[in-house]
Amino acid sequence: MELLHTDKKNNVLNAMINIIDRERKNIIKANQQDLDAFNKDDQALYDRLVVNEAKVDGMIQAIKEVRDQEDPVGATISDMTLDSGLQITNKTAPFGTIMIIYESRPDVTIEAAVLAFKANNKILLKGGKEAINSNLILEKCWHEALEENGLTKDWIRLLHLKREETQEFLRNPTEKIDLIVPRGGERLIKFVKDHASCAVLISGRGNNFLYVSKLADWEKAIKVIINAKTDKISGCNALDNVLIDKNISDYEAKVEELQKTLNHVGVSLVVDKKIGQILKDETQIPSEDTWYEEFLAMKLLVAEVDGLEEAIKMINKYSGGHSSSILTENNEEAATFMEQIDSAAVYHNASTRFTDGGQMGVGAELAISTDKLHHRGPLGLKQLVTNKYYVFGDGHVRV
332 MELLHTDKKN NVLNAMINII DRERKNIIKA NQQDLDAFNK DDQALYDRLV VNEAKVDGMI
392 QAIKEVRDQE DPVGATISDM TLDSGLQITN KTAPFGTIMI IYESRPDVTI EAAVLAFKAN
452 NKILLKGGKE AINSNLILEK CWHEALEENG LTKDWIRLLH LKREETQEFL RNPTEKIDLI
512 VPRGGERLIK FVKDHASCAV LISGRGNNFL YVSKLADWEK AIKVIINAKT DKISGCNALD
572 NVLIDKNISD YEAKVEELQK TLNHVGVSLV VDKKIGQILK DETQIPSEDT WYEEFLAMKL
632 LVAEVDGLEE AIKMINKYSG GHSSSILTEN NEEAATFMEQ IDSAAVYHNA STRFTDGGQM
692 GVGAELAIST DKLHHRGPLG LKQLVTNKYY VFGDGHVRV
């Protein structure tokens, strides 16, 4: 694969900024076709599909942020000269060709592509059929920016494949694929893992937890829970489960207050048997499977635990490994929670909604990885490279 000079890549991104701004009305018009054809019953998916003036501004801002970041390719990781005289330099290098499979969100067509391209990777975009018109016009914008700068369209391509064709492509790709990133729900992730023949980096589901300790500031806890649950229900960083320590003062009164506050903002509850003895009108958990769900809706599971140890055990058993938070005024307790919870992001007295590239200082993100190799958390520009060893000798042979 050709290594592009940083200036060449940034020139493409500058062109793309101008093209998107010029085409914003046509982009929104194309998106409206997708919205008109969409079944609004799935509110979370519908929310992800929407492209308005603010979303277009966000696309432009994402490109600017990536353009202004340092080129991640060719950075020296280590450099040493051995006793043998061999000089060994380890540098960052592109993956090659990345494929991303995603549902609904047209802004991924911008963010994924700008990150992959700046890191000198080619990218294959497999968006959902529900966003076809939005993605087509965004691909057209990319191709104009590439060709304007003397580059071929194959750096950024939208794949037009049906489900069965995608299965076959994953099993027997017609070109070399170095990495696949499925960005979506459990079914999509399983689909890719079952059929892919190359490396897969999991962009996991949410199913995020928050534990309210007996040492929590209750007003602070209410504020954080409401934000984490209601700020954006379609986000993979939205809250799904709240565990309340039964040893907190005025326990029953606080559980009833939480119910009243959540109901007031339109959140429905599902509760375990112990909380159900307090909130007798709420639906109880129908089966253990509910603990594993990512709701993507105005719905929250509330359960009782007896202390920090039980909370940690439950979270590590049921969570998606995405984001977990503890509400406590005790720093030692918070440290224990954060060290022992097996999630990509752990929080002390903060909403899970901050698990986002932009919010965590990474900038635009390809996805939130719940894998442990090669990176966990927001996949930003610096994470879209691998490494390569350069070994310099003078007729060296191994004996």
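332 is the number of the first residue of the sequence shown in this note's numbering; add one for each residue after it.
Don't be surprised by glycine CBs; every beta carbon is placed ideally from N, CA and C.
Predicted model only: the values in this text are computed from it and were never measured.
Secondary structure note for Met-347: it is in no beta strand (DSSP E), and the uninterrupted alpha helix (DSSP H) holding it is 337-353. For Ser-409, the beta-bridge partners assigned by DSSP are Asn-421. Judged by beta-carbon spacing, Val-397 lies within the 8 angstroms limit of Leu-344, meaning their Cβ atoms are closer than that value.
When DSSP reads this structure, His-679 sits in a beta bridge with Ile-657. Val-387 carries a helical assignment under DSSP once its states are collapsed to helix, strand and coil. In this chain, the alpha helix (DSSP H) harbouring Asn-558 covers 549-561.
Excluding the 5 residues flanking it on each side, Ala-642 has same chain C-beta neighbours closer than 6 angstroms at Tyr-542, Leu-574, Val-636, in chain order. Below 8 angstroms, too few C-beta pairs join the stretch 602-619 and the stretch 523-536 to call them touching: fewer than three. Counting along the chain, the unbroken alpha helix (DSSP H) around Lys-521 starts and ends at 517-526. The way I'd put it, the stretch 583-596 does touch the stretch 604-624; three or more beta-carbon pairs between them come closer than 8 angstroms.
In the three-state DSSP reduction, Leu-627 falls in the coil class, being neither helix nor strand. With distances taken between CA atoms, Lys-386 lies nearest to Ile-358 out of Ile-358, Glu-664, His-595. Between the stretch 621-635 and the stretch 660-676, the count of C-beta pairs closer than 8 angstroms stays below three; the two stretches do not touch.
By the Cβ criterion, the stretch 619-631 is not in contact with the stretch 575-585, since fewer than three pairs of Cβ atoms, one from each stretch, lie closer than 8 angstroms. For Val-573, DSSP records a beta bridge to Leu-541, Val-633.
Following the DSSP letters along the chain, one finds Met-691 in no beta strand (DSSP E), marked with neither H nor E. Of Asn-451, Asn-349, Gly-566, Gly-459, the smallest CA-CA separation from His-653 is found for Gly-566. Secondary structure note for Met-430: its beta strand (DSSP E) is the uninterrupted segment 428-433. Leu-413 counts as exposed, since fewer than 16 other beta carbons sit within 10 angstroms of its beta carbon. Counting along the chain, Phe-723 sits inside the beta strand (DSSP E) bounded by residues 716-723.
Going by DSSP, Arg-379 is part of the alpha helix (DSSP H) stretching over 374-380. Shown here, Ile-533 sits in coil according to DSSP, grouped into three states, outside any helix or strand.
Within the DSSP bridge table, the entry for Thr-614 names Val-601 as partners. When C-beta atoms of the stretch 471-481 are compared with those of the stretch 388-402, fewer than three pairs fall below 8 angstroms, so the two segments do not count as touching. Beta-bridge annotation (DSSP): Lys-453 is paired with Thr-428. The Cβ atoms of Arg-436 and Ala-569 do not sit closer than 8 angstroms to each other.
One thing to note: Thr-423 has its Cβ no nearer than 8 angstroms to the Cβ of Ala-444. Looking at Glu-517, Val-586, Phe-522, His-526, the one whose alpha-carbon comes closest to that of Ser-544 is Val-586. Every alpha helix (DSSP H) stretch that sits fully inside the stretch 484-517 and reaches 4 residues is listed by chain position as 494-502. CA-to-CA, the gap between Thr-483 and Glu-625 works out to about 40 angstroms. In this chain, the alpha helix (DSSP H) harbouring Trp-473 covers 463-479.
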